[in-house]
Amino acid sequence: MNSFTERVIEIILQIPAGKVMTYGQIAAYAGSPRGARQVVRILHSMSEKHQLPWHRVINAKGEIGFQDEESFFIQKMSLESEGIQFKDNKSINLQKYLFHPSNIIK
DNA sequence: GGATTGACATCCC
DNA sequence: CGGGATGCCAATC
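This is the structure in structure tokens:
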């Protein structure tokens, strides 16, 4: 299945530990600048099947999107274990941890 | 093939 | 980066 979804997955897999990307960024690099929500949907559908590092995908504010606090906490711990430090209890320094792919996908 | 989904982005107050 | 409304797009159902 060669599609937007697959490119999104490829991009997510390229995010190095200790870095994060936003939904909008990923969508843009995958070819749809307005496709942030597709990324969300992909994570829901594919994360378990493809074993994606979904914990490295956050929203534009540098926060985890989860509303469920337990999942939120799990993701937060995952990020902290990769070296990302939270400023408050919920946000990270995007300018410091945001991953800027330059040539990961042709 | 149409309706639903979705952890967002962005504009506007 | 406070909070509500609106727009977006493609995979999934």
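Going by the working numbering, the first residue of the first sequence is number 8, and it counts up by one from there. Built from N, CA and C at the ideal position, the CB exists for glycine as well. Model, not experiment: these values are computed from the prediction.
| query | result |
| --- | --- |
| Mind reading off the beta-carbon distance from F93 to E87? Whole number of angstroms is fine, and I expect it under 8 Å. | 7 Å |
| Are T12 and L105 closer than 9 Å when you measure CB to CB? | no |
| Could you check how far apart the C-beta atoms of V16 and M53 are, in whole angstroms? I think they sit under 8 Å. | Just to set this straight, residue 16 is Ile in the shown sequence, not Val. Between M53 and I16 the Cβ distance is about 6 Å, and since that is below 8 Å, they are a contact. |
| Starting from V27, follow the alpha helix (DSSP H) in both directions and report where the run begins and ends. | That residue, V27, is in no alpha helix (DSSP H); it is neither H nor E in DSSP. |
| Determine the direct distance from the alpha carbon of K97 to that of G31, and round the result to whole angstroms. | 19 Å |
| If you drop the 5 nearest sequence neighbours on each side, which residues of the same chain put their C-beta closer than 6 Å to that of A34? | G42, A43, V46 |
| Bridge partners for F73 per DSSP, in chain order? | Paired residues: none, contrary to the question. |
| Going by alpha carbons, who is nearest to R48 out of K26, W61, A67? | W61 |
| Around the Cβ of K83, are there at least 16 other Cβ atoms within 10 angstroms (buried) or fewer (exposed)? | buried |
| Quick one: measure Cβ to Cβ for I25 and G72, integer angstroms, because I've assumed they're closer than 8 Å. | Checking the sequence shown, residue 25 turns out to be Gly, not Ile. That pair is no contact at about 19 Å. |
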